[in-house]
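>
There are 2 protein chains.
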Amino acid sequence: MKRTAFYVSDGTGITAETLGHSMLSQFGGIKFDQVTLPYVISNETTHDVVQKINRAAEQDGATPIVFSTLVNDEHREILARCNGLVLDMFAVFLGPLEQELGVRSSHTVGQSHSIRDHEAYRIRIDAVHFALDNDDGARTRHYDQADVILIGVSRSGKTPTSLYLALQFGLYTANYPLTEDDFDDLRLPDCLVPHKDKLFGLTINPDRLMAIRNERKAGSRYASPRQCEMEVRALEAIYNKHSIPFMDATDMSIEEISTRILAAKGLKRRLQ
Amino acid sequence: MKRTAFYVSDGTGITAETLGHSMLSQFGGIKFDQVTLPYVISNETTHDVVQKINRAAEQDGATPIVFSTLVNDEHREILARCNGLVLDMFAVFLGPLEQELGVRSSHTVGQSHSIRDHEAYRIRIDAVHFALDNDDGARTRHYDQADVILIGVSRSGKTPTSLYLALQFGLYTANYPLTEDDFDDLRLPDCLVPHKDKLFGLTINPDRLMAIRNERKAGSRYASPRQCEMEVRALEAIYNKHSIPFMDATDMSIEEISTRILAAKGLKRRLQ
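Just so you know, the sequences run in chain order A and B.
Residue numbers for the first sequence follow my numbering, beginning at 17 and rising by one.
Residue numbers for the second sequence follow my numbering, beginning at 17 and rising by one.
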């Protein structure tokens, strides 16, 4: 039996998707077709949404699950009449919140992921450009401006983590690859020494590293078991020798690596 | 009066934050101190969370708002006894979902933003590296692999949007800057012509462009009113002449730009 899950929103749909993914991840055995319907901001588009849901109900022979973050009362009433199980975020949480805060909410559509102010936008863009300019050790002279400097071997997740920290939290994140030159004497590269307190190390299971590198350069020395093992062993020796906090990121998502670094380093986000 | 909002989670905290930001954005007049408490996975850490909430309640003289995505029943019961208004995502949505789906949920902690499989991780990382390699017109020979190619003037939001599309949806996104050379005869650059169906244009209000560029190079020709106006006018003429779909991204967040492009181009995400 196929099930369809709908994410219905008057904005980007990101909140509805996040909520829905989170709930559905608790039902691992069931496969869902997922459909995001963003920018639903009129009676007419809401009626279209209802039609789509009803069509899926018919085709699947099963009730679709509908995660909704619609704010407008009229649109929510229209949606409520569809042949799906509607899980309406505002219906359940807005009442208690209004009561506790003692004010009516604004019922403004598309608020959540809209641009709040140009200042927040600027912080975010600057952080992204900082991450790009200071990716993979390309430049080291701006490390005094960095909030955190990620280190690790090639393909251990430094770049995507840097970009995520920049985009999501506005953090100035640099990253620097440790290579064979550094492994001979377990010295910290000179450019990192003055910024030791900003360093955070990533490590990875050598077998996993090998698999990742083989996808890129199959059969190369770079991807060989011996090389990967040697690099990871030396890397962890450097972390230990210089008391650099580090984490094994082998089985972590980028979100998990990022939020754990945030917690471990006690970083203050520049964006809320 | 100060209010504190807590985001409590057994995982990254991203779902709780997303839900909470979305709800609180409906109460624009109230200022919240926001505290994320991720990786709450034991009775002990849950008790610590309760203490933090109770301390905030005392200090603020106002009930804290607590957005929780805790899954474990025991931890949820402990949290429920705090002096905050607990908005518990699983409490309200899990029951109806279990009933509709006819199965008990797994009650597994930290599911939502955990790594699902190595394949999904690979897609994401590859997309990020594609975006980096094909940023700002650096390379054009891989455009056959691109899902979408963003075009626009310098500092119109192409790079952060490309990275967001890669990180969030696994889309292979290239971006190419249109410059003065292209504005003389309103021709589409040769490298873009074979990939016309993949193009999406961004435009921006000239005053806003000027403000952004002035933050970088104050007083330069590049940031002058005349230059910014000329570039935007020529840019839109190119879009119109070559029937390239485009969008004014002046007042849009990166999320909004990205999800609107997804919808406008009918792109199929590589990651759900």
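Ideal Cβ placement from N, Cα and C applies to all residues, glycine included.
From D291/A to D206/A, what does the alpha carbon distance come to, in whole angstroms?
Not covered by the structure: residue 291/A. The range shown for chain A is 17 to 288.
> Around the C-beta of S58/B, are 16 or more other C-beta atoms found within 10 angstroms, so that it is buried, or is it exposed?
exposed
> Could you check whether the Cβ of I46/A sits closer than 8 Å to any Cβ belonging to chain B?
yes
> First and last residue of the beta strand (DSSP E) that includes V24/B?
19-24 is the extent of the beta strand (DSSP E) around V24/B.
> Are V65/B and L40/B close, meaning C-beta to C-beta below 8 Å?
A distance of 8 Å or more separates the beta carbons of V65/B and L40/B.
> Any beta carbon of chain B sitting closer than 8 Å to that of S170/A?
Cβ-Cβ to chain B under 8 Å: no for S170/A.
> Taking 8 Å as the CB-CB cut-off, is V119/B touching chain A?
yes
> Report the rounded CA-to-CA distance for Y188/B versus K18/B, giving the unit in angstroms.
When rounded, the distance between both Cα atoms is 44 Å.
> Taking all protein chains shown into account, decide if V82/A is buried (16 or more other Cβ within 10 angstroms of its Cβ) or exposed.
Buried.
> By the three-class DSSP mapping on this structure, what secondary structure does A190/A have?
strand
> Which one of G45/B, L113/B, R157/B, T20/B has the shortest CA to CA distance from S122/A?
G45/B
> Can you tell me which of the three DSSP states F216/A falls into?
strand
> Could you name the residues of the same chain whose beta carbon sits closer than 6 Å to that of H63/A, not counting the 5 residues immediately before and after it, in chain order?
Within the same chain, H63/A has no close Cβ partners at all.
> Exposed or buried, which one is P261/B when buried takes at least 16 other CB atoms within 10 Å?
exposed
> Are the beta-carbon atoms of Q50/B and L110/A separated by less than 8 Å?
no
> Taking a contact to mean a Cβ-Cβ separation below 8 Å, would you say K174/A touches N191/A in this structure?
yes
> Does DSSP classify I48/A as helix, strand or coil?
This sequence places Phe at residue 48/A; Ile is not what is there. If DSSP states are grouped into helix, strand and coil, F48/A belongs with the strands.
> For the alpha helix (DSSP H) holding S178/A, just list the boundary residues, first then last.
Element bounds for S178/A: 174-185.
> Using a Cβ-Cβ cut-off of 6 Å (strictly less than) and excluding sequence neighbours within five positions of I254/B, which residues of its own chain qualify?
L202
> Can you give me the C-alpha to C-alpha distance between A143/B and V108/A, rounded to a whole angstrom?
Computed Cα separation, rounded: 37 Å.
> Does Q67/A have its Cβ less than 8 Å from a Cβ in chain B?
no
> Could you pull out every residue in the same chain whose Cβ sits closer than 8 Å to the Cβ of I270/A, ignoring the five residues on either side in sequence?
G173, P176, T177, Y180
> Please confirm if Y192/A has its CB atom under 8 Å from at least one CB of chain B.
The C-beta of Y192/A comes no closer than 8 Å to any C-beta of chain B.
> Please list, in chain order, the chain A residues whose beta carbon lies closer than 9 Å to that of T124/B.
In chain order: S41, Q42, G44.
> Give the interface partners of V108/A over in chain B, defined as CB-CB distance under 7 Å, in chain order.
V108
> If you draw a straight line from the C-alpha of N256/B to the C-alpha of G168/A, how long is it?
Distance between the alpha carbons of N256/B and G168/A is about 47 Å.
> Which whole-angstrom value is the C-beta distance of R276/A and M263/A, which I expect to be below 8 Å?
Your pair R276/A and M263/A checks out as a contact, with CB atoms roughly 6 Å apart and the cut at 8 Å.
> Between the Cα of T219/B and the Cα atoms of H211/B, C244/B, L278/B, which residue gives the shortest distance?
C244/B
> Anyone know if the C-beta pair for Q127/A and S274/A falls short of 8 Å?
no
> Answer yes or no: does any C-beta atom of chain B fall closer than 8 Å to that of E271/A?
Yes, because at least one Cβ of chain B sits closer than 8 Å to the Cβ of E271/A.
> Which residues mark the beginning and the end of the alpha helix (DSSP H) in which V65/B is found?
59-76
> Suppose the cutoff is 8 Å on Cβ atoms and the five residues either side in sequence are ignored; what does the same chain contact list for R92/B look like?
S84, L86, D104, F106, A107
> Measuring straight from C-alpha to C-alpha, what distance separates F216/B and Q161/B?
16 Å
> What distance in whole Å lies between the Cβ atoms of E272/A and T28/B, which are believed to be in contact at a cut-off of 8 Å?
6 Å
> To which residues of the same chain is Q75/A closer than 6 Å at the C-beta, ignoring the five residues directly before and after it?
none
> Kindly list, in the order they appear in chain A, the residues whose Cβ is closer than 7 Å to that of S128/B.
H37, S38, S41
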